[in-house]
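Here the structure comes first, spelled out in structure tokens, and everything after it is commentary.
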Amino acid sequence: MTQKHFAVVSAIDSEDLTDILNCKSQRLFADGYAITDVQFQTSPTNGAPTKYSAMIVYERI
């Protein structure tokens, strides 16, 4: 059974989050890992800008 790893990435907008996920995916793949699941979340706070986050699950390929 392959060990799963978790990471959370955050950004100020959805485009930045997409860019971060693309870069993270490329770095993980170069190290022999693949992203197997992504869970997105937005969290608006009282008057503050919306925060975009994603929890990624990755494992060795």
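Note that the sequence shown covers residues 16 to 76 in the working numbering. All C-beta atoms, glycine included, are put in the ideal place defined by N, C-alpha and C. Here the structure is a predicted model, which means the values were calculated and not measured.
Legend entry - Other residues of its chain near S58: CB distance less than 6 angstroms, five sequence neighbours each side excluded: To locate residue 58, count along the sequence shown from 1; it is residue 43. Once the five neighbours on either side are set aside, the close Cβ partners of S58 are K66.
Inset, instruction - Could you name the residues of the same chain whose beta carbon sits closer than 6 angstroms to that of I50, not counting the 5 residues immediately before and after it, in chain order? - result: Position 35 of the sequence shown, counted from the first residue, corresponds to residue 50. Here the set comprises S40, I71 and Y73.
Inset, instruction - Below 8 angstroms on the Cβ atoms is my guess for L36 versus A63; work out the distance and round it to an integer in Å. - result: Residue 36 sits at position 21 when you count from the first residue of the sequence shown. Residue 63 sits at position 48 when you count from the first residue of the sequence shown. With 8 angstroms as the limit, L36 and A63 do not qualify as a contact, their Cβ atoms being about 23 angstroms apart.
Inset, instruction - Please specify which runs of the alpha helix (DSSP H), each continuous and at least 4 residues long, are wholly inside the segment 21-66, giving them in chain order. - result: 29-45
Legend entry - Backbone CA spacing between F21 and R42 [nearest angstrom]: By one-based count along the sequence shown, residue 21 stands at place 6. By one-based count along the sequence shown, residue 42 stands at place 27. Each residue's alpha carbon lies about 15 angstroms from the other.
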